[in-house]
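Shown next, in structure tokens, is the structure this report addresses.
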Amino acid sequence: MPMELVCLDFWTAEDGKKRSVDVLVVTDHFTKLAHAFPCANQSAKQVARKLWDRVFCVYGFPSRIHTDQGANFESALLAELLKLSGVAKSHTTAYHPMGNGGVERFNRTLGSMLRTLPLKEKHKWPQQIQMLTFAYNATVHETTGYAPFQLMFGRVPRLPVDVMFRQVLHDPVVVDHGTYLKSLMSYLHEAAEIAQRHSEKEQRKQAKGYNKKVRGTCLDIGDRVLVANKGERGKRKLADKWDPVVYTVVDRNLQTHTYKLKDEKGNVRIVHRNLLLDISFLPVESPDEEGSILPSTGESECETHSIRS
214 MPMELVCLDF
224 WTAEDGKKRS
234 VDVLVVTDHF
244 TKLAHAFPCA
254 NQSAKQVARK
264 LWDRVFCVYG
274 FPSRIHTDQG
284 ANFESALLAE
294 LLKLSGVAKS
304 HTTAYHPMGN
314 GGVERFNRTL
324 GSMLRTLPLK
334 EKHKWPQQIQ
344 MLTFAYNATV
354 HETTGYAPFQ
364 LMFGRVPRLP
374 VDVMFRQVLH
384 DPVVVDHGTY
394 LKSLMSYLHE
404 AAEIAQRHSE
414 KEQRKQAKGY
424 NKKVRGTCLD
434 IGDRVLVANK
444 GERGKRKLAD
454 KWDPVVYTVV
464 DRNLQTHTYK
474 LKDEKGNVRI
484 VHRNLLLDIS
494 FLPVESPDEE
504 GSILPSTGES
514 ECETHSIRS
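If you want our numbering, it's the position in the sequence shown, counting the first as 1, plus 213.
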């Protein structure tokens with residue numbers, strides 16, 4: 214249902230003056246309605262303020278929000294706001310943006326739309342972002358078969374072209390607020406059922422395709438692994454492909470291909486299979502031995518195994 218799950222992410226690009234502009238992207242998982250709010254920075258304070266002013270006080274409070282594991286989204290400030298608002302919180306596994314696929318897809322769409330702007334308008338894209346987001350929300354989404362605006366509000370938005378060609382239709386049956394509300398609720402219920410069927414069909418299709426791309430065999434409890442070093446950026450692009458810390462698999466979710474890991478210090482993290490390298494075949498180094506047994510940047514070829522839920 215609308216506002217049952219709301220997903221957040223930051224999208225960043227340079228404006229015409231070469232200044233980095235941070236945009237908080239908010240999408241409703243069910244309707245696909247999206248919003249993009251330019252922010253002064255990516256701080257937790259900015260996230261909390263935009264959520265309260267532009268989402269909660271406009272659409273009401275969602276049941277749950279879903280983010281990545283960025284410090285701004287995992288802050289005590291945001292946690293307190295959500296606790297007071299009665300909103301649950303979930304997050305993706307580390308360095309695995311596909312866990313927040315809906316908002317990542319909108320980010321790509323927004324980037325493509327901005328690239329189509331004329332050069333003069335492209336330099337001031339932060340001023341055009343609301344217009345582009347509205348156009349996205351007014352366009353039929355292939356996953357649901359409806360425009361996000363239509364699923365959220367139960368009507369098609371009136372556009373300038375409608376006024377120009379006098380194509381705005383008025384329903385003569387709707388004579389008062391009660392009749393309109395009853396008609397609206399009936400329409401939304403029917404649209405929600407159709408959109409749900411479309412979404413489930415699309416999700417099954419995507420899951421089937423993604424299962425074929427999961428790298429490596431299934432890991433067992435007790436296996437030793439390395440985690441892909443996705444945190445290195447910029448000048449450190451030549452850093453090792455794998456983090457040298459050795460983790461042990463302590464739990465797993467075969468439906469989502471995620472594994473719960475623990476290192477020798479007791480630190481725990483949850484990581485997707487595609488980011489793990491099995492090193493169980495290597496001998497365990499004793500404390501007295503010198504040198505490293507860890508493999509270099511090369512990953513061995515493993516048999517691809519699809520896990521069906």
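Quick reminder that beta carbons are idealized off the backbone N, C-alpha and C, glycines included.
Asked	Found
Throw me the rounded Cβ distance for the tryptophan 224 and leucine 323 pair, which I believe falls under 8 Å.	7 Å
At what residues does the beta strand (DSSP E) containing arginine 232 begin and finish?	Element bounds for arginine 232: n/a, residue is neither H nor E.
At a threshold of 8 Å, does glutamate 334 count as lining the ligand NAD (C-beta to nearest heavy atom)?	Summarising the ligand content, the structure contains no ligands, and the ligand NAD is consequently not present.
Nearest by alpha-carbon distance to alanine 249: which of Asp476, Leu345 and Thr471 is it?	Leu345
What do you get for leucine 479, buried or exposed, if any count of 16 or more other CB atoms within 10 angstroms of its CB means buried?	The sequence shown places glycine at residue 479, rather than the leucine named in the question. Exposed, since its Cβ has fewer than 16 Cβ neighbours within 10 Å.
Mind checking which residues open and close the alpha helix (DSSP H) that includes alanine 261?	257-263
If you compare alpha carbons, which of Gly283, Thr430, Asn487 and Asp491 is closest to valine 458?	Asp491
Starting from the Cα of glutamine 255, find the closest Cα among Asp222, Lys337, Phe319 and Leu294 and give me that residue.	Asp222
Does the beta-carbon of proline 373 have 16 or more other beta-carbons within 10 angstroms, so that it is buried, or is it exposed?	exposed
Please report the Cβ distance between leucine 246 and methionine 326, rounded to the nearest whole angstrom; I am assuming they are in contact, meaning their Cβ atoms lie under 8 Å.	At roughly 16 Å, the Cβ-Cβ gap does not stay under 8 Å, so leucine 246 and methionine 326 are not in contact.
Residues in the same chain with beta-carbon distance under 6 Å from valine 236, minus the five sequence neighbours each way, listed in chain order, please.	Trp224, Ala249 and Pro251
Roughly how many angstroms lie between the CA atoms of glycine 283 and serine 396, to the nearest whole one?	43 Å
Following the continuous alpha helix (DSSP H) through phenylalanine 274, name the residue where it begins and the one where it ends.	Per DSSP, phenylalanine 274 belongs to no alpha helix (DSSP H) and is neither H nor E.
Return the chain-ordered list of same chain residues with a C-beta closer than 6 Å to the C-beta of tyrosine 460, the five sequence neighbours on each side being excluded.	Val438, Leu474 and Asp476
Just mark glutamine 363 as buried or exposed, buried being the case when its beta carbon has 16 or more other beta carbons within 10 Å.	buried
In angstroms with no decimal places, state the Cα-to-Cα distance between arginine 262 and leucine 495.	50 Å
Beta-carbon separation of asparagine 285 and alanine 257 under 9 Å?	yes
Please classify arginine 328 as buried or exposed, where buried requires at least 16 other C-beta atoms within 10 Å of its C-beta.	exposed
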